[in-house]
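S.K.: I'd like to ask some things about the structure below.
2 protein chains.
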Amino acid sequence: MTRPPHNPLLDGKAAPPLLVVLSGPSGVGKDSVLNRMRDLNFPFHFVVTATNRTIRPGEIDGFDYHFVTTERFETMIESHELLEWALVYGQYKGIPKFEVRQAMATGRDVMLRINVDGAATVRQIAPEAVFIFLAPSSTDELRQRLSVRRTENTNEIEARLAVAATELKQVEHFDYVVINREGHLDEAVNQIRAIIAAEKQRVFPRMVSL
Amino acid sequence: MTRPPHNPLLDGKAAPPLLVVLSGPSGVGKDSVLNRMRDLNFPFHFVVTATNRTIRPGEIDGFDYHFVTTERFETMIESHELLEWALVYGQYKGIPKFEVRQAMATGRDVMLRINVDGAATVRQIAPEAVFIFLAPSSTDELRQRLSVRRTENTNEIEARLAVAATELKQVEHFDYVVINREGHLDEAVNQIRAIIAAEKQRVFPRMVSL
């Protein structure tokens, strides 16, 4: 996906790096898509989110999340070290600014995985980012996925589905919509790949500054 | 590239067909790119341009061009049967409207290959089309290509290069720029494929009406 700058308007200068925001309702499979892109060595800097929640079996600190204490997270909020943060279901999640800035400063594209509210915050700060909305192919599929995860009880699942219904309406604020259809993960991944490749060919590249 | 409509905003309706305009300076290789896409069975209706020029060895009437008499071409102009037409180097070239309308009415994406002036005309009629500018990687490469073609003499080649320099400046009116680098035809084709795929994922699809 990286290639020499060819756009005649760029005068031989490299195209600016992209900031790609991957969002969508809880349970839609943002993590699965992201992990698949990592496995396929997508040439992105994948920003690692900070959280105060408990590490789950199989998760790796600094890879899946930066797992920090509640106290440390609140210090990060107070000292404006986060691009965006939220308290979701009693858990803090936030994006350390330094990671995004560092990566973009070295010309690398950056991929953020955030919830729909977080995307709205980033849109205010960086409207020139590429906003991709990951959607389920149906509510049933979303319920199924939340149930399989088994870390939530039934009430929590229904609460999340209600939130998801609201979040789905936010699609109109995004640039692209990609469906993560059960059993077709690579279809979603390939669509995201095409979106990134197309954005690289824009005559007027998006200029993101944070 | 075709798939069921998934965009939540489309309410189960199929996304409208795309009108894709492939343009660029004379000699940049629009025909090579187009023929390669045809060979690869890109799911497009490739509009066949009408012309009054003499058929070249190896060309097929109704496939490479609709070869018509000068008299017939001028009748098509007078009766507004052409979406766009031009008199280029003493030869008429134009796009029959019925082909574009017919294809789009049946939901098929349409690909037009036209020169830079023609693209400007189509932009006025159909601003929601996808405008792709095919560019050479250098002027030398363009000169080389025009020379190899051997159907033009040296003066004609220099005249075309002068025109090409002007045409290159028109890139700023296009959505995307794709470089047709010598020996890397499939790179250009793949970038066009990605652009089309990405356009299919837009939250608000382009609505073209002619």
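Chains as they are written, first to last, in numbering that gives the first Met the number 0: chain U, 0 to 209; chain H, 0 to 209.
Glycine included, every Cβ here is placed at the ideal spot set by N, Cα and C.
(1) Just by C-beta distance, which residues in the segment 159-187 of chain U are closer than 9 Å to chain H?
(2) Short check: CB of R35 (chain U) to CB of D174 (chain H), under 8 Å?
(3) Kindly indicate the opening and closing residues of the beta strand (DSSP E) around F72 (chain H).
(4) Given a cut-off of 8 Å on the beta-carbon distance, is the pair V99 (chain H) and V87 (chain H) in contact?
(5) On a Cα-Cα basis, can you pick out the residue from H:L18, H:E73, H:E181 that is closest to V46 (chain H)?
(6) Taking DSSP as the reference, what is the three-state secondary structure of F130 (chain H)?
(7) Do the segment 50-57 of chain U and the segment 159-176 of chain U make contact, defined as three or more Cβ pairs closer than 8 Å?
(8) Show which residues of chain H have a CB atom less than 9 Å away from the CB atom of K202 (chain U).
(9) Between the segment 108-128 of chain H and the segment 71-91 of chain H, do three or more beta carbon pairs fall short of 8 Å?
(10) Taking only the alpha-carbon atoms, compute the straight-line gap between G89 (chain H) and V207 (chain H) and give it to the nearest angstrom.
(11) Quick one: which unbroken beta strand (DSSP E) runs of 3-plus residues sit fully inside the segment 25-101 of chain U? Chain order, please.
(12) Please report the straight-line C-alpha distance between R192 (chain U) and G11 (chain H), rounded to a whole angstrom.
(13) For S137 (chain U), is the classification buried or exposed, using 16 other Cβ atoms within 10 angstroms of its Cβ as the cut-off for buried?
(14) Out of H:P95, H:T69, H:V176, H:M103, which has the shortest C-alpha to C-alpha gap to R52 (chain H)?
(15) Please look up how many angstroms separate the CB atoms of T50 (chain U) and F66 (chain U), rounded, as I've assumed it's under 8 Å.
(16) Based on Cα-Cα distance, which residue from H:S146, H:Q190, H:F41 lies nearest to S25 (chain H)?
(17) Counting only the same chain and skipping the five closest in sequence on each side, list residues whose C-beta sits under 6 Å from that of R180 (chain H).
(18) Give me the subset of the segment 90-108 of chain U whose CB atoms are less than 7 Å from a CB atom of chain H, sorted by chain position.
(19) Checking 8 Å against the spacing of the C-beta atoms, do A125 (chain H) and H172 (chain H) come in under that value?
(20) With distances taken Cα to Cα, identify the nearest neighbour of V176 (chain U) among H:R159, H:F203, H:A164.
(21) In whole angstroms, give me the CA-to-CA distance for R159 (chain H) and G117 (chain H).
(22) Report buried or exposed for Q190 (chain H), applying the criterion of at least 16 other Cβ atoms within 10 angstroms of its Cβ.
(23) Is L209 (chain U) near K92 (chain U), with beta carbons less than 8 Å apart?
(24) Is the CB of L17 (chain H) under 8 Å away from at least one CB in chain U?
(25) Check whether chain U comes within 8 Å of I194 (chain H), counting only Cβ atoms and requiring the distance to be less than that.
(26) Does DSSP classify V162 (chain H) as helix, strand or coil?
(27) For the ligand FAD, is there a heavy atom less than 7 Å away from the beta-carbon of V20 (chain H)?
(28) Count the other CB atoms within 10 Å of the CB of G23 (chain U); is the residue buried (16 or more) or exposed (fewer)?
(29) In three-state DSSP terms, what is M206 (chain H)?
M.R.: According to the data block:
(1) L167, K168, V170, E171, H172, F173, D174, Y175, V176, V177, I178, R180, E186
(2) In the first sequence, the residue the question calls residue 35 (chain U) occupies position 36. In the second sequence, the residue the question calls residue 174 (chain H) occupies position 175. No.
(3) Walking along the second sequence from the start, residue 72 (chain H) turns up at place 73. Counting along the chain, no beta strand (DSSP E) covers F72 (chain H); the unbroken alpha helix (DSSP H) around it starts and ends at 69-77.
(4) Indexing the second sequence from 1 puts residue 99 (chain H) at position 100. Indexing the second sequence from 1 puts residue 87 (chain H) at position 88. In this structure, V99 (chain H) sits away from V87 (chain H), with a CB-CB distance that is not shorter than 8 Å.
(5) Taking the first residue of the second sequence as position 1, residue 46 (chain H) is located at position 47. Of the listed residues, the one whose Cα sits closest to V46 (chain H) is H:L18.
(6) Here residue 130 (chain H) refers to the residue found at position 131 of the second sequence. F130 (chain H) falls in the strand class under three-state DSSP.
(7) no
(8) Translated into the one-based positions of the first sequence, residue 202 (chain U) becomes position 203. Residue identity check: residue 202 (chain U) is Val in the sequence provided, not Lys. Simply F130, F132, V170, E171, H172, F173, D174, Y175, V176.
(9) Cβ pair count under 8 Å is three or more, so yes.
(10) To locate residue 89 (chain H), count along the second sequence from 1; it is residue 90. To locate residue 207 (chain H), count along the second sequence from 1; it is residue 208. Approximately 32 Å, taken between the alpha carbons.
(11) 43-45, 81-87, 90-95
(12) Within the first sequence, the letter at position 193 stands for residue 192 (chain U). Within the second sequence, the letter at position 12 stands for residue 11 (chain H). If I take the Cα positions, the gap works out to 24 Å.
(13) Numbered from 1 along the first sequence, position 138 holds the residue referred to as residue 137 (chain U). Classification for S137 (chain U): exposed.
(14) Walking along the second sequence from the start, residue 52 (chain H) turns up at place 53. Considering only alpha carbons, the answer is H:T69.
(15) By one-based count along the first sequence, residue 50 (chain U) stands at place 51. By one-based count along the first sequence, residue 66 (chain U) stands at place 67. That pair is a contact at about 6 Å.
(16) Translated into positions along the second sequence, residue 25 (chain H) becomes position 26. S25 (chain H) has its Cα closest to that of H:S146, out of H:S146, H:Q190, H:F41.
(17) Numbered from 1 along the second sequence, position 181 holds the residue referred to as residue 180 (chain H). Close CB contacts of R180 (chain H) within its chain, under the 6 Å cut and outside five residues either way in sequence, are with S136 (chain order).
(18) none
(19) Counted from its first residue, the second sequence places residue 125 (chain H) at position 126. Counted from its first residue, the second sequence places residue 172 (chain H) at position 173. Contact: no.
(20) Residue mapping note: residue 176 (chain U) aligns to position 177 of the first sequence, counting from 1. Per the Cα distances, H:F203.
(21) Taking the second sequence and counting its residues from 1, one reaches residue 159 (chain H) at position 160. Taking the second sequence and counting its residues from 1, one reaches residue 117 (chain H) at position 118. Looking at the two C-alpha atoms, the distance is approximately 16 Å.
(22) The residue labelled residue 190 (chain H) in the question sits at position 191 within the second sequence. Per the 10 Å Cβ criterion, buried.
(23) Numbered from its first residue, the first sequence carries residue 209 (chain U) at position 210. Numbered from its first residue, the first sequence carries residue 92 (chain U) at position 93. Going by C-beta atoms, L209 (chain U) is not nearer than 8 Å to K92 (chain U).
(24) Looking up residue 17 (chain H) in the second sequence gives position 18. L17 (chain H) does not count as touching chain U.
(25) On the second sequence, position 195 is the one that residue 194 (chain H) refers to. Closer than 8 Å to some Cβ of chain U, the Cβ of I194 (chain H) qualifies, so yes.
(26) On the second sequence, position 163 is the one that residue 162 (chain H) refers to. Correct three-state label for V162 (chain H): helix.
(27) This structure simply doesn't include the ligand FAD, nor any ligand for that matter.
(28) The residue labelled residue 23 (chain U) in the question sits at position 24 within the first sequence. Per the 10 Å Cβ criterion, buried.
(29) Translated into the one-based positions of the second sequence, residue 206 (chain H) becomes position 207. Secondary structure of M206 (chain H) (DSSP, three-state): coil.
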